[in-house]
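Heads up, the thing below is written out as structure tokens.
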Amino acid sequence: MVSRVGVALPRCAHGTGMCACRSDPHLGKHCLDLSGSCVLGGVDCALCVRSAVAATTRLDTGDGAVRILLLSHYYWPEIGAPQRRWSTMVGHLIAKGHEIVVAAPHPHYPYTRRDEFFGSRVGRQRTRVRARLGGSWDTGELGERIIRVPYLHSGSSMTRQMLDQTVAAAGAIITSLRTLRGAHRPDVIISTTPALPTLLAGDFVSRLLRVPHIAEVRDAWPDLIHELSLVTNATGRFFPTTLAGRLEDSVLPGFLTRAQQRAAAVVVTTESFAHRLQDRGINATVVRSGVSRAEIESDTFDAGDQSRARDGVNLLYVGTVGRSQDLGNAIRAAALVPGVRLRIVGDGADKAALVALAEKLAAPADFYPQSTGTDLASHWDWADAGLVSLGDVPAHTRTVPSKVYSLMVRRVPVLGIVAGEAAEIITMNGAGTVAHPGDIASIAEAMRLFSSSVVEPSLRARQWAIDHASVEVMGSSYDALLEEVCR
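By my numbering, the letter at position 189 of the sequence shown is numbered 681, and the numbering carries on one by one without gaps.
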């Protein structure tokens, strides 16, 4: 026996693909072979592992339990909206008796290498597994089994990020097809963006294994490919303009649309985008990002005394610092409004450029790395309001960032630089104030309002988030979807 990440793993016999399984009736059928060359050490090795650790901790074992293969480029112990969402969702599914296997890269986001991640304040307390070309088995915090697949050392450029995602998606395909055939075949495959190659990997594996595919599309894909000029920005001068334009306008959107049409269901987060996909013949269903029970039960935010005037405002942004968020206009507006103090907590491809912009404008903006626990709580103790921002492209009118719901449920005043459905939710429920994306004057005016007076969210904002975007609602929606797809 060899010990790895706290689980006893029996060593397989080389060349046979078999191992001596224990006589445990619950675990024996899940004994899987993961053979492959070691990335470190350069020798062949094979380990046989049991993928049903989650099954031993079920809270509800019904006849409707299914085996789920989740494909995601972003997963625990990384920090971010996709990671939080699926940690919550996996906990719900395991409690329902389902068996979960996750195919994801070794933790490295938002860094380029996993060494950097495990040296960070988020990762230094975590256990790492050895990297292998054939995949490495890991155990999640909830008992789920994780196949850690290879990834490419990424960078801040869009090209490097896409290559990283593509390598990881290819690794997930190869490893899934090698280990999850026959008796180990899943009942359903769920793929989740924002990594587009992961959606295509889910489509490919589901067709080869002949199992249904649920494609979770949390942003407005494929519309964003054209609207954000992804190919042009990724390839720069290396691609002819006409070829890049054709790829953005028709080739890649058409490829993704066909994958969505083949899926048993496509999960989206907004009604407006669901209607758009349904017009294309896609079976789209709305499952809003779930606010955790811990967030709902935590102390609500104290907005302060509405009767007194303010002489400034502390605005806090927590999340991905990327191109889609377009935080540059928030920095430009903050430089125009006396008393505004902007704090940006997080990492992403745009962070270095935003730091340079803030220095150039002498804007009142401070930057902090990803934070959790007491460090993150101290940022919220400092804040008067929360900032949510998206860029000015049509697809973003059909997107609602998950942090909108988190702020609403905690009764944090929202300054939303958003349009469309997100703006409607904030305005309709009295959750805060909205400004138009891309309009610096509009953003500055909203900042002046927060700077001069206390903006207190209405009670209905919190209740709306609980009724429409809690983890219980998200879980119930997925329960119904799995029953429909797997029946």
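A virtual CB, placed ideally from N, CA and C, is assigned to each residue, including glycine.
query	result
If you follow the alpha helix (DSSP H) that residue 561 is in, where does it begin and where does it stop?	Here residue 561 belongs to no alpha helix (DSSP H); instead the beta strand (DSSP E) covers 559-564.
Which parts of the region 597-639 are runs of the alpha helix (DSSP H), unbroken and 4 residues or longer, counting only runs that do not cross its ends?	606-610
Could you tell me the distance, in whole angstroms, from the CA atom of residue 662 to the CA atom of residue 748?	16 Å
Per the DSSP calculation, residue 809 is bridged to which residue(s)?	836
Is residue 826 helix, strand or coil when you go by DSSP?	helix
Closer than 7 Å by C-beta to residue 974: which residues in its own chain qualify, once you throw out the five before and the five after it? Chain order, please.	558, 680
Using 10 angstroms around the beta-carbon of residue 678, count the other beta-carbons present and answer buried if the total reaches 16, otherwise exposed.	buried
Any heavy atom of the ligand ZN inside 8 Å of the beta-carbon of residue 973?	For the structure depicted, the ligand ZN is absent and the ligand set is empty, with no information on it obtainable.
Within the chosen definition, does the region 960-974 reach the region 574-586 through at least 3 CB pairs nearer than 8 Å?	yes
State the CB to CB distance for the pair residue 916 and residue 927, rounded to an integer number of angstroms; the pair is presumed to be in contact (CB under 8 Å).	Contact doesn't hold; Cβ gap of about 14 Å is too wide.
On a CA-only basis, which of 600, 753, 731 is nearest residue 641? Give me that one, please.	600
Give me the Cα-Cα distance between residue 821 and residue 590, rounded to the nearest whole angstrom.	45 Å
With a CB to CB cut of under 7 Å and the five nearest residues on each side skipped, what residues in its chain are close to residue 803?	831
Which runs of the beta strand (DSSP E) at least 3 residues long sit entirely within the region 913-941? Give them in chain order.	924-927
Just mark residue 976 as buried or exposed, buried being the case when its beta carbon has 16 or more other beta carbons within 10 Å.	exposed
Any idea what DSSP makes of residue 570, helix, strand or coil?	coil
Measuring only the C-alpha atoms, how far is residue 735 from residue 953?	46 Å
Under a three-way DSSP split, which group does residue 787 fall into?	helix
If you scan the region 852-889 from start to end, which runs of the beta strand (DSSP E) of 3 or more residues do you find wholly inside it?	857-860, 877-881
Got a sec: is the Cβ-Cβ distance from residue 785 to anything in chain C below 9 Å?	The structure shown has no chain C; it contains just one protein chain.
What first and last residue would you give for the beta strand (DSSP E) that runs through residue 981?	Given a span of 493 to 979 for the chain in the structure shown, any question on residue 981 remains unanswerable.
I'd like the span of the beta strand (DSSP E) that includes residue 757, first residue to last.	757-760
Helix, strand or coil: which one does DSSP assign to residue 972?	helix
Drop a sphere of 10 angstroms on the beta-carbon of residue 695, count the other beta-carbons inside from all chains shown, and report buried for 16 or more, exposed for fewer.	buried
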